[in-house]
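Its first residue numbered 13, the sequence shown is counted upward by one per residue in the numbering used here. No residue lacks a Cβ here, since even glycine has one placed at the ideal position from N, Cα and C. Notes to accompany the following structure.
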Amino acid sequence: MLTSIAIRLQQPAVLLWLAYFAILEVLSWGTSSWSTGPCLISGDQHPSDDDSQQSCPTFLLGSLILLGRADRLIGEHDKSIVAVFTVVLAISTIGLWISTKNVAVAGRVAAEHIPRVERAYVFLWHELKHGRAPNPLGGEVLTVQFALRNQGKTPAVLRQINVEIRLLDRADGYPMTFRQIASDMPLGLVLSGDETTPFFPSRQLIQPEDWQKVMRRSHFLLFLGRVQYRDIFGDPHETGFCLEWDGNGFGPSPVEILNYYT
13 MLTSIAIRLQ QPAVLLWLAY FAILEVLSWG TSSWSTGPCL ISGDQHPSDD DSQQSCPTFL
73 LGSLILLGRA DRLIGEHDKS IVAVFTVVLA ISTIGLWIST KNVAVAGRVA AEHIPRVERA
133 YVFLWHELKH GRAPNPLGGE VLTVQFALRN QGKTPAVLRQ INVEIRLLDR ADGYPMTFRQ
193 IASDMPLGLV LSGDETTPFF PSRQLIQPED WQKVMRRSHF LLFLGRVQYR DIFGDPHETG
253 FCLEWDGNGF GPSPVEILNY YT
């Protein structure tokens, strides 16, 4: 124990404080015998050459006097001090509770924010390819090559992908729902962040009279679909898309109910 105390006394901060107190004590020797001037702490009467002259205490003695007076003050007002301490403790406890609550709210907001920022976002890749080939039995086979891209930062596990090419009368308006049509997509496909799938084909037989309807703009020719996937946090998501033939290829359609993501 003595060794530990000796080591602590050798610390620079401790040595500085000891030197500071020693200087104060030495300086107080000179002021303790002043016959004039104010005395901040009045101590007991000390004998001297002039018994009527009262000297000021030194720094060490003055400190002891202050400690004694503080002890008497605490003893005389102990109940008041305890009451004040209780109030301060109550205020501190309330402040600590408010701070803890704010930290908890901030933590919850951060926890809710992280999945939105770090999750996967799968969309239809903007580079579509299409081709038309004659069908031996009549009409043309329209083939659309499309890909999906994960625009998020973390992987996406694809669960279900449905796409179709649909011809609709404009008088009936845009479709409001997707049809469940089987596709040749590989289920269980995992897309890493910023990764794009290979191109996949979707084919539809279009008769010559149907092409005429599309060119006269009496009918829609739509390429639409939906992809369902999960992010690494286990939450399900879905992206829908609907594109319209504009004469040269498929472009964005104005129908909002089929162009969405969750």
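How should residue 89 be labelled, buried or exposed, when 16 other C-beta atoms within 10 angstroms of its C-beta is the threshold for buried?
-> Exposed is the call here.
Simplified DSSP assignment, three categories, for residue 175 | Note: residue 175 maps to strand in three-state DSSP.
Let me know if residue 231 comes out buried or exposed under the rule of 16 or more other beta-carbons within 10 Å of its beta-carbon.
-> Buried, by the Cβ-count rule.
Beta-carbon spacing of residue 170, residue 156 below 8 Å | Cβ atoms of residue 170 and residue 156: not closer than 8 Å.
Using the DSSP secondary-structure output, state which residues sit across from residue 243 in a beta bridge.
-> According to DSSP, residue 243 bridges with 168.
Residue 90, DSSP secondary structure in three states | DSSP places residue 90 in helix when its eight states are reduced to three.
Which residues does DSSP pair with residue 161 in a beta bridge?
-> DSSP lists 135 and 208 as partners of residue 161.
Helix, strand or coil at residue 222 [DSSP, three-state] = Residue 222 carries a helical assignment under DSSP once its states are collapsed to helix, strand and coil.
Residue closest to residue 220, alpha-carbon to alpha-carbon, out of 190, 165, 149 and 158 | It is 149 whose Cα lies nearest to the Cα of residue 220.
Starting from residue 256 and walking both ways along the beta strand (DSSP E), at which residues does that stretch end?
-> Start and end: 248 to 257.
Opening and closing residue of the beta strand (DSSP E) in which residue 146 lies | Here the beta strand (DSSP E) through residue 146 covers 141 to 146.
Rounded to whole angstroms, what's the CA-CA distance from residue 153 to residue 265? Just pull it up for me.
-> The alpha-carbon atoms of residue 153 and residue 265 are separated by roughly 22 Å.
Sufficient close CB pairs (3 or more, under 8 Å) joining the region 131 to 138 to the region 247 to 255 = Contact between the region 131 to 138 and the region 247 to 255 is present: three or more C-beta pairs spanning the two stretches fall below 8 Å.
For residue 147 versus residue 217, is the C-beta spacing smaller than 8 Å?
-> Yes, they are a contact pair.
Round the Cβ separation of residue 210 and residue 159 to the nearest angstrom and send it over; I've been treating them as touching at under 8 Å.
-> Contact between residue 210 and residue 159 holds: their C-beta atoms lie close to 7 Å from each other, under 8 Å.
Tell me residue 299's beta-bridge partners as DSSP assigns them.
-> With the chain covering 13 to 274 only, the question about residue 299 has no answer from this structure.
If you draw a straight line from the alpha carbon of residue 121 to that of residue 127, how long is it in whole angstroms?
-> Between the C-alpha atoms of residue 121 and residue 127 there is a straight-line separation of about 11 Å.
Assign residue 119 to one of three DSSP states: helix, strand, or coil.
-> Looking at residue 119 - three-state DSSP - the assignment turns out to be helix.
Taking the C-alpha atoms as reference points, what is the distance between residue 34 and residue 24?
-> Going from the Cα of residue 34 to the Cα of residue 24 covers about 15 Å.
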